[in-house]
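S.K.: The sequence shown begins at 46 in the numbering used here and counts up one residue at a time.
The beta-carbon is built from N, C-alpha and C at its ideal position, and this holds for glycine as well.
My questions all concern the structure below.
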Amino acid sequence: MSVIKPGNESHDIMAMASSRVYGLDQNLNQTVQPQPFSMVGDGAGSIFKIFTVAAAMENGLGAGSSLAVPPTFQAQGMGSSDGANGCPPATYCVKNDGKYPARMSVTDALAQSPNTAFVKLLKDVGVAPAVDMAVRLGMRSYASPGSSGDGEQSLADYFKQSNLGSFTLGPTAVNALELSNVGATLASHGVWCPPNPIASITQPKRDRYGNEVIDANGAPAVQEVAFDRPQCEKVVEPGLADTLANAMSADDRGAGTAAGAAGSVGWSLPLASKTGTTEAHRSSGFIGFTNNFAAAAYTYNDSPTPSELCSGPLRQCSSGTLYGGSEPARTWFNAMLPIANNFGPTALPPNDPAYVAGVGGTAVPSVAGMTASAATSRLEAAGFRVAQAETESAQAVGTVVSTSPEGSAIAGSTITIYVSTGRVQQQPTARAPAPPTTITVPGIGPIEIPAG
Numbered sequence: 046m047s048v049i050k051p052g053n054e055s056h057d058i059m060a061m062a063s064s065r066v067y068g069l070d071q072n073l074n075q076t077v078q079p080q081p082f083s084m085v086g087d088g089a090g091s092i093f094k095i096f097t098v099a100a101a102m103e104n105g106l107g108a109g110s111s112l113a114v115p116p117t118f119q120a121q122g123m124g125s126s127d128g129a130n131g132c133p134p135a136t137y138c139v140k141n142d143g144k145y146p147a148r149m150s151v152t153d154a155l156a157q158s159p160n161t162a163f164v165k166l167l168k169d170v171g172v173a174p175a176v177d178m179a180v181r182l183g184m185r186s187y188a189s190p191g192s193s194g195d196g197e198q199s200l201a202d203y204f205k206q207s208n209l210g211s212f213t214l215g216p217t218a219v220n221a222l223e224l225s226n227v228g229a230t231l232a233s234h235g236v237w238c239p240p241n242p243i244a245s246i247t248q249p250k251r252d253r254y255g256n257e258v259i260d261a262n263g264a265p266a267v268q269e270v271a272f273d274r275p276q277c278e279k280v281v282e283p284g285l286a287d288t289l290a291n292a293m294s295a296d297d298r299g300a301g302t303a304a305g306a307a308g309s310v311g312w313s314l315p316l317a318s319k320t321g322t323t324e325a326h327r328s329s330g331f332i333g334f335t336n337n338f339a340a341a342a343y344t345y346n347d348s349p350t351p352s353e354l355c356s357g358p359l360r361q362c363s364s365g366t367l368y369g370g371s372e373p374a375r376t377w378f379n380a381m382l383p384i385a386n387n388f389g390p391t392a393l394p395p396n397d398p399a400y401v402a403g404v405g406g407t408a409v410p411s412v413a414g415m416t417a418s419a420a421t422s423r424l425e426a427a428g429f430r431v432a433q434a435e436t437e438s439a440q441a442v443g444t445v446v447s448t449s450p451e452g453s454a455i456a457g458s459t460i461t462i463y464v465s466t467g468r469v470q471q472q473p474t475a476r477a478p479a480p481p482t483t484i485t486v487p488g489i490g491p492i493e494i495p496a497g
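The structure is reproduced here in structure tokens:
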């Protein structure tokens, strides 16, 4: 876990911690790898959904929009699930771990993390813009030649050239320090700076003869040496960064995946955050930031033969139960709560109304009440692709009840129209119990026998 101070001129590293000790004894879990700032683990999981949302917002998605959340989603041309669970050839198939509404706000989707919503959004916005956004916001190692493991190709190019839908689910190794710095970039209103571990550089003061100068306390006197801090870059618009921070503000509350961890320590401060877990439960993470600090806790199996990880206590196991909302989030909240207000009042920036509504996108025409064919024609004329799904409604059969997304969307993206079936599932009506039957038994008298 690393903690970084946001800023427009420097992203200073405030703290860095690792549960591993430097050394050669593997029986003691020692390591010679710079694990806090190298590419390790199986990935940060759903934390990467942040990059898909940021890329979509840059291309017109309003943070106030709703996202379609189908129970399953099959993406053509975005990789392959190799026939798993009946998935068609050359198709990437995803399903949700749990039940979700058919549509969710961007904020609720980030907090509750349904996989299908973000793979569908990635298909709409494109893999390349999402990968480039990840690199811009801080995952700079993904653009390094050879980071894909083949000696030459970068991970960024690998995902883009293969057009892999799995990118939004974060399935590859990460640099945990860079992950922390993603939060610092968003907390700095869209300004990226390299993580900076240097507060100052000093050298001994010497007199004209080269002798060290001794100060009034009898200690060697020192003087500060000027040095050039690494250059910072504005990588996204401030309004986008600030509005995305607010869209990430529900993970620690209600049905959010980190709500349990936040509640266990009494966290009640404003926070932008996201959990992530890989499919095999071999690594997971939690990123959180405020106006004063950004930090990411990353938990992964560093064994030469890694297996799945279980939670409480953290251990290797055959069927993993580790999630980003368990050890990673609990570590984060336990570490940050005691110092959260030491650097000033904790707050999130105000939303930018333009990015809530959608900037640079195309207005989605209102088609509610139209026939499916008329709605399709109108949406296609506005530059959108159209998908159709049924929904139970008392409206006339074949008429459009709603669309997803609504308001504003990326030009050329897919708008789902929800078409009425003309019926609403009836709830069973409770019946009044039948009166008991009375019989008379000789020698006993009348007896009531309950119905049924």
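1. Where does P249 fall in DSSP's three states?
2. Expressed to the nearest angstrom, what Euclidean distance is found between the alpha-carbon atoms of S364 and L424?
3. Using the three-state DSSP reduction, which class does L112 fall into: helix, strand or coil?
4. When you compare only the Cα positions, how much space is there between V401 and R468?
5. Does the Cβ-Cβ distance between Y345 and D87 come in under 9 Å?
6. As a quick exercise: from V464, S158, V172 and S348, pick the residue whose alpha carbon is nearest that of Q206.
7. Taking the runs of the beta strand (DSSP E) that are 3 residues or longer, which of them lie wholly in the stretch 117-165?
8. Could you give the uninterrupted runs of the alpha helix (DSSP H) lying entirely in the stretch 270-315, keeping only those of 4 residues or more?
9. Look at L367 and S329 and say whether their C-beta atoms are less than 9 Å apart.
10. Sort V48, N256, M293 and S245 by Cα distance to R274 and report the nearest one.
11. Within the stretch 189-250, note down every full beta strand (DSSP E) run reaching 3 residues or more, in order along the chain.
12. Below 8 Å CB to CB, which residues in the same chain sit around T288 once its five sequence neighbours on both sides are set aside?
13. If you follow the beta strand (DSSP E) that E54 is in, where does it begin and where does it stop?
14. Apart from the five residues just before and just after I58, which ones in its own chain have a Cβ nearer than 7 Å to its Cβ?
15. Span of the alpha helix (DSSP H) holding I95?
16. Tell me which same chain residues have a C-beta within less than 8 Å of the C-beta of G405, skipping the five on either side of it?
17. Among V170, E223, A271 and A420, which residue has its Cα nearest to the Cα of A456?
18. Could you tell me the distance, in whole angstroms, from the CA atom of Q198 to the CA atom of M381?
19. Using 10 angstroms around the beta-carbon of Y67, count the other beta-carbons present and answer buried if the total reaches 16, otherwise exposed.
20. Would you kindly check if the distance between the Cβ of C238 and the Cβ of N220 is under 9 Å?
21. How many Å lie between L285 and K279 at the Cα?
22. Would you call R476 buried or exposed, if buried means 16 or more other Cβ atoms sit within 10 Å of its Cβ?
23. Is the stretch 151-158 close to the stretch 287-306, with three or more CB pairs under 8 Å?
24. For V114, collect the residues of the same chain with a Cβ closer than 8 Å to its Cβ; drop the 5 residues on either side in sequence, then sort them by chain order.
25. If you compare alpha carbons, which of R327, T152, E435 and A413 is closest to T217?
26. Roughly how many angstroms lie between the CA atoms of T247 and A264, to the nearest whole one?
27. Tell me which residues share the same chain as D138 and place their Cβ nearer than 6 Å to its Cβ, disregarding the 5 neighbours each side in the sequence.
28. T376 lies in the alpha helix (DSSP H); which residues open and close that run?
29. Alpha carbon to alpha carbon, what distance is there between N53 and P283?
M.R.: Reading from the atomic positions:
1. strand
2. 46 Å
3. strand
4. 34 Å
5. yes
6. V172
7. 117-121, 136-140 and 148-150
8. 283-292 and 304-310
9. yes
10. S245
11. 246-249
12. M102, A108, N396, D397, Y400 and V401
13. Neither: E54 is in no beta strand (DSSP E) and is coded neither H nor E.
14. S47, I49, P240, N241 and P242
15. K94 to E103
16. E103, N104 and G105
17. V170
18. 38 Å
19. exposed
20. no
21. 12 Å
22. Only weak support is given to the placement of R476: the predicted model assigns it a pLDDT of 42, under 50, and the question is left unresolved by the model.
23. yes
24. N141, Y145, P146, A147, R148, M149, A154, P159, T161 and A162
25. R327
26. 14 Å
27. Note on identity: in this sequence residue 138 is Cys, with Asp being the wrong assignment. For C138, where only same-chain residues beyond five positions count, the Cβ hits under 6 Å are Q119, S126 and C132.
28. E372 to M381
29. 11 Å
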